[in-house]
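**Q** Its first residue numbered 219, the sequence shown is counted upward by one per residue in the working numbering.
Ideal Cβ positions, reconstructed from N, Cα and C, are used throughout, including at glycine.
Computed from a predicted model, the values in this text were never measured in an experiment.
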Amino acid sequence: MSVNVSGRDRQVIINPLVTCMPMGAMWAVLGINRGIPLVQGSQGCSTFVRYHLARHFREPIEIAVSSFHESTAVFGGKKNLNISLKTIVQRQNPDLIGVVTTCSSEIIGDDVYGFVESNKEELKDLGHDNTEIIPINTPSFAGSHFVGYNKAVDALIKNLTVINENNEGDDNKINIIPGLLNPGDVNEIKHILDVMHVPYTILTDISETFNSPLNPKKQEHPYFGKGGTTVDEIRNISANKGTISITKYAKTGAETLEQTHKVPAVTDNLPPIGIKGTDDFIMTVNKLTKHDILDTLMTERGLTLDLMADVSARYLAGRKVVIFGDPTLVTGLTSFIIEIGMEPVMVTTGSEEKTFPTDIENMSKGQNIDVITEGDLKVVEDYVKDKDNGVELILGSSEARFINYDTGIPLVRFGFPVYDRVGYHSQPIVGYRGAKRVVEMITNEVLAKYYEEKHWKLQQ
Ligand code: SF4
Numbered sequence: 219m220s221v222n223v224s225g226r227d228r229q230v231i232i233n234p235l236v237t238c239m240p241m242g243a244m245w246a247v248l249g250i251n252r253g254i255p256l257v258q259g260s261q262g263c264s265t266f267v268r269y270h271l272a273r274h275f276r277e278p279i280e281i282a283v284s285s286f287h288e289s290t291a292v293f294g295g296k297k298n299l300n301i302s303l304k305t306i307v308q309r310q311n312p313d314l315i316g317v318v319t320t321c322s323s324e325i326i327g328d329d330v331y332g333f334v335e336s337n338k339e340e341l342k343d344l345g346h347d348n349t350e351i352i353p354i355n356t357p358s359f360a361g362s363h364f365v366g367y368n369k370a371v372d373a374l375i376k377n378l379t380v381i382n383e384n385n386e387g388d389d390n391k392i393n394i395i396p397g398l399l400n401p402g403d404v405n406e407i408k409h410i411l412d413v414m415h416v417p418y419t420i421l422t423d424i425s426e427t428f429n430s431p432l433n434p435k436k437q438e439h440p441y442f443g444k445g446g447t448t449v450d451e452i453r454n455i456s457a458n459k460g461t462i463s464i465t466k467y468a469k470t471g472a473e474t475l476e477q478t479h480k481v482p483a484v485t486d487n488l489p490p491i492g493i494k495g496t497d498d499f500i501m502t503v504n505k506l507t508k509h510d511i512l513d514t515l516m517t518e519r520g521l522t523l524d525l526m527a528d529v530s531a532r533y534l535a536g537r538k539v540v541i542f543g544d545p546t547l548v549t550g551l552t553s554f555i556i557e558i559g560m561e562p563v564m565v566t567t568g569s570e571e572k573t574f575p576t577d578i579e580n581m582s583k584g585q586n587i588d589v590i591t592e593g594d595l596k597v598v599e600d601y602v603k604d605k606d607n608g609v610e611l612i613l614g615s616s617e618a619r620f621i622n623y624d625t626g627i628p629l630v631r632f633g634f635p636v637y638d639r640v641g642y643h644s645q646p647i648v649g650y651r652g653a654k655r656v657v658e659m660i661t662n663e664v665l666a667k668y669y670e671e672k673h674w675k676l677q678q
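1. Should Pro353 be listed as close to the ligand SAM, given that the test is whether its C-beta is under 7 Å from any heavy atom?
2. DSSP three-state label for Leu611, please.
3. Regarding Phe634 and the ligand SF4, is the C-beta to nearest heavy atom distance less than 7 Å?
4. Compute the minimum distance between the beta carbon of Thr290 and the heavy atoms of the ligand SF4, and state whether it is under 7 Å.
5. Could you have a look at Met560 and say whether DSSP puts it in helix, strand or coil?
6. So does Thr320 have its beta carbon nearer than 7 Å to some heavy atom of the ligand SF4?
7. Shorter than 7 Å, the distance from the beta carbon of Gly259 to the closest heavy atom of the ligand SF4, or not?
8. From Arg655 to Phe333, what does the alpha carbon distance come to, in whole angstroms?
9. Look at the Cβ atom of His274, then the Cβ atom of Phe620, and state whether they are nearer than 8 Å.
10. Applying the criterion that 16 or more other CB atoms from any shown protein chain within 10 Å of the CB defines a buried residue, is Glu335 buried or exposed?
11. Give me whichever residues DSSP pairs with Leu314 in a beta bridge.
12. Which residue's Cα is closest to the Cα of Gly242: Glu476, Arg651 and Val317?
13. Determine, using beta carbons only, whether Phe286 and Ser264 come nearer to each other than 8 Å.
14. Looking at C-alpha atoms only, which residue of Lys342, Ile394 and Leu399 is the closest neighbour of Phe364?
15. According to DSSP, Leu411 sits in a beta bridge with which residue or residues?
16. Just to check my reading of the structure: Pro396 and Ile407 have Cβ atoms closer than 8 Å, yes? What is that Cβ distance to the nearest angstrom?
17. Could you tell me how far apart the beta carbons of Thr319 and Asn355 are, in whole angstroms, since I believe they sit closer than 8 Å?
18. Would you call the segment 440 to 458 and the segment 472 to 483 touching, i.e. three or more CB-CB distances under 8 Å?
19. By the DSSP assignment, the beta strand (DSSP E) with Ile590 in it spans what residues?
20. Determine the contact status of Val221 and Pro545, defining contact as a CB-CB distance below 8 Å.
21. Are the C-beta of Asn368 and some C-beta of chain C separated by less than 8 Å?
22. Report back the beta-carbon spacing between Ser358 and Pro255 to the nearest angstrom; my notes put them in contact at under 8 Å.
23. So the beta strand (DSSP E) Arg631 belongs to, where does it begin and stop?
24. When you compare the CB positions of Asn429 and Glu280, do they come within less than 8 Å of one another, or not?
25. Can you name the residues that DSSP bridges to Ile462?
26. Just to confirm my understanding: we take Thr573, look at its own chain, exclude 5 residues before and 5 after, and list those with CB closer than 8 Å. What are they?
27. Check Phe554 in the structure and name its three-state DSSP category.
28. I want to check one thing, is the minimum distance from the CB of Gly316 to the heavy atoms of the ligand SF4 below 7 Å?
29. Is the beta carbon of Ser234 within less than 7 Å of some heavy atom of the ligand SF4?
30. Using only alpha-carbon positions, find the residue among Glu451, Asp510, Tyr601 and Ile556 that is nearest to Glu579.
31. Quick check on Leu299: buried or exposed, where buried means 16 or more other Cβ atoms within 10 Å of its Cβ?
32. Would Thr566 pass as a contact of Gly536 if the rule is Cβ separation under 8 Å?
33. Please go through the same chain and pick out, in chain order, the residues whose beta-carbon is closer than 6 Å to the beta-carbon of Ile328, but skip the five residues on each side of it.
34. Where do the ends of the alpha helix (DSSP H) carrying Gly242 lie?
35. Please tell me whether Thr485 and Lys469 are closer than 8 Å, where the distance is taken between their beta carbons.
36. How far does the alpha helix (DSSP H) with Tyr441 in it reach, from first residue to last?
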C-alpha cells in the first residue's frame with residue numbers, strides 16, 4: 219500500500235480548481251430566509267459569482283455590491299457601504315445582510331466592523347433596526363470558496379446565536395452544517411432526519427433558495443425566494459442537542475458553538491457519500507438523539523448494496539479513476555470508489571489541506587494513490603493524458619470537459635460547477651439514495667464507453 223503525496227511542480231496555476239473566497243460566503247448567506255449578500259468591493263467580484271452560481275443552479279441569484287471605483291481605493295469604502303446598506307434596507311427590508319469583503323476592501327484596510335456599527339446606528343435613527351448586518355471577512359488571496367463558506371457560517375453563528383440560559387426549545391433538535399452541498403443533497407439529509415423523526419436546523423439551507431419552482435402566481439414586492447434558514451432559527455441553535463458538520467472543511471461554526479454555548483460538535487466524520495459515510499452519519503445522529511434507525515433507511519441501504527453487488531465485480535472492479543474537486547467531495551467520492559472496487563489512482567484538490575493526504579491514506583485499502591495537493595486542471599490533464607497511468611474514468615466538474623473531448627476518457631460530472639449537463643444539482647449524491655445514483659452515473663458511463671452493445675456481460 220502506498221499513498222504518494224506531492225505538490226504541484228510549478229509556481230503558476232493553470233486553470234484553478236478553486237474559486238473565490240467571497241463566493242463561499244455568499245453561498246452561505248443565500249441560504250438565509252430573506253437574506254442578501256452585499257459585496258464590499260468592485261462589480262466584478264459580484265458579477266463573477268452571480269454568473270458562476272447561476273450557470274450551476276440555473277436560478278437567478280440576487281447579490282448586491284457596494285461598487286468600488288478608483289477613488290474608493292484611495293479613500294476607502296465607508297461611503298460605498300453606507301449608501302449600499304441604506305438602499306438595500308429601504309428598498310428590500312431584508313432580515314439579514316451579510317457584508318462580504320473582497321480582495322480590494324481587505325487590501326485597502328476597510329474597517330468593515332466599525333463601518334457596520336456606525337451604519338446600524340444611522341439606520342436605527344431612520345427607523346430601520348430589524349435587519350441584522352453581519353460582516354464576513356473573505357480576503358480571497360488567503361483562501362478558497364470553501365474557506366469563505368466556513369467563515370460565513372462561523373460569523374452567522376457568532377453574531378446571531380443568543381445565550382439560551384434556560385435551555386428552552388426542542389432539546390432533541392440538532393444543527394447541521396451542510397457545507398457546499400447541492401439542493402438535492404440537503405434535501406436528502408433532511409429526508410434521513412425526517413425518517414428518523416429528528417428535528418433540525420440547517421446552517422444554512424439552500425435547498426429551496428438554489429432550486430425554486432417557476433411559479434405563475436403574482437410575485438410579492440420586495441421579492442424573496444422561499445426557503446432558507448430564518449434568523450430566529452439561528453438565534454436559537456444554542457438550545458439544540460448537538461451540531462454535525464457534514465464536512466470537516468466547514469467545522470469552525472460547530473466548534474464555536476461548542477466553545478461558547480456548550481453544544482456538542484461532531485466535526486471529523488467523512489461526508490455521507492457512499493455506504494460507510496452514510497452509515498457514520500446516521501450512527502452519529504442516532505448517538506446524539508437516541509432516535510431509532512428505521513427500516514425505511516435500511517431498505518434504501520439494501521437497494522444500494524444490491525446495485526453495487528450487481529455491477530461492481532462485473533463492470534467496475536479495478537478500473538482506474540482520477541478524482542478532483544473540493545476536499546469534501548474528493549474524500550467522500552474516494553472512499554466510495556474504493557467501496558465499489560474501483561481504483562482511485564490520483565486525487566487532487568485545488569488547495570493545500572493539512573489533513574487531506576492523511577484522510578486519503580486512512581481510507582486506502584492497498585491501492586497506490588497519487589495525492590496531489592494544490593493541484594490545478596493542468597495537473598489533472600497531464601496525469602490523464604499520460605498513458606502509463608491507465609486512467610479509465612474522471613470524476614470532477616464540467617471544467618474537465620476538454621480533457622474528456624481530447625482523450626475520450628469519460629468524465630462523470632460531480633462537484634462545482636456542473637454547467638454542461640442538467641439535473642445534477644437537484645438530485646443527491648449523499649445518503650443511501652445518493653450513493654445509488656452515484657453508482658448508476660458511473661456504471662452507465664463505463665457501459666457506454668467500454669462495452670459494445672453485444673458484449674456478453676451486457677446480455678446477462
Ligand atoms: S478580486 Fe478577489 S474577491 Fe474579487 S472576484 Fe477576484 S478573487 Fe474574488
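**A** Let's see:
1. Annotation note on the ligand SAM: not contained in the displayed structure, which lists the ligand SF4 as its ligands.
2. Secondary structure of Leu611 (DSSP, three-state): strand.
3. No; taking the cut-off as 7 Å, the Cβ of Phe634 has no heavy atom of the ligand SF4 nearer than that.
4. Set against 7 Å, the gap from the CB of Thr290 to the closest heavy atom of the ligand SF4 is not smaller.
5. Residue state, collapsed to three classes: coil.
6. Yes.
7. The ligand SF4 approaches Gly259 closely enough that one of its heavy atoms is under 7 Å from the residue's Cβ.
8. In this model, Arg655 and Phe333 are separated by some 48 Å (Cα to Cα).
9. Not closer than 8 Å, so no.
10. Exposed is the label assigned to Glu335, since fewer than 16 other Cβ atoms lie within 10 Å of its Cβ.
11. Its beta-bridge partners are Gly253 and Glu350.
12. Residue Val317 is the option with its Cα nearest to Gly242.
13. No.
14. Minimum Cα distance to Phe364 is reached at Leu399.
15. Listed as beta-bridge partners of Leu411 by DSSP are no residues whatsoever.
16. Contact between Pro396 and Ile407 holds, with the beta-carbon distance rounding to 6 Å and staying under 8 Å.
17. Their Cβ separation, rounded to whole angstroms, is 5 Å, which keeps Thr319 and Asn355 in contact under 8 Å.
18. Three or more beta-carbon pairs drawn from the segment 440 to 458 and the segment 472 to 483 are found closer than 8 Å, and the two stretches are therefore classed as touching.
19. Run containing Ile590: Asn586 to Thr591, per the beta strand (DSSP E) assignment.
20. Not a contact, by the Cβ cut-off of 8 Å.
21. Looking at the structure shown, chain C is missing, and only one protein chain is on hand.
22. Contact annotation, Ser358 with Pro255: C-beta distance approximately 14 Å; criterion of less than 8 Å not satisfied.
23. Per DSSP, the continuous beta strand (DSSP E) segment holding Arg631 begins and ends at Leu629 to Arg631.
24. Between Asn429 and Glu280, the gap from beta carbon to beta carbon reaches 8 Å or more.
25. Per DSSP, Ile394 and Val484.
26. For Thr573, where only same-chain residues beyond five positions count, the Cβ hits under 8 Å are Lys466.
27. Correct three-state label for Phe554: helix.
28. No.
29. The sequence given here places Pro at residue 234; Ser does not occur at that position. Not one heavy atom of the ligand SF4 is found less than 7 Å from the C-beta of Pro234.
30. Nearest C-alpha to Glu579: Ile556.
31. In summary, Leu299 is buried, with 16 or more beta-carbon neighbours lying within 10 Å of its beta-carbon over all protein chains present.
32. 8 Å or more divides the Cβ of Thr566 from the Cβ of Gly536.
33. For the record, residue 328 in the displayed sequence is Asp; it is not Ile. Excluding sequence neighbours, Asp328 sits near Gly294 and Gly295.
34. From DSSP, the alpha helix (DSSP H) with Gly242 extends over Met239 to Val247.
35. Yes, the Cβ-Cβ distance between Thr485 and Lys469 is below 8 Å.
36. Unbroken run through Tyr441: none, as it is neither H nor E.
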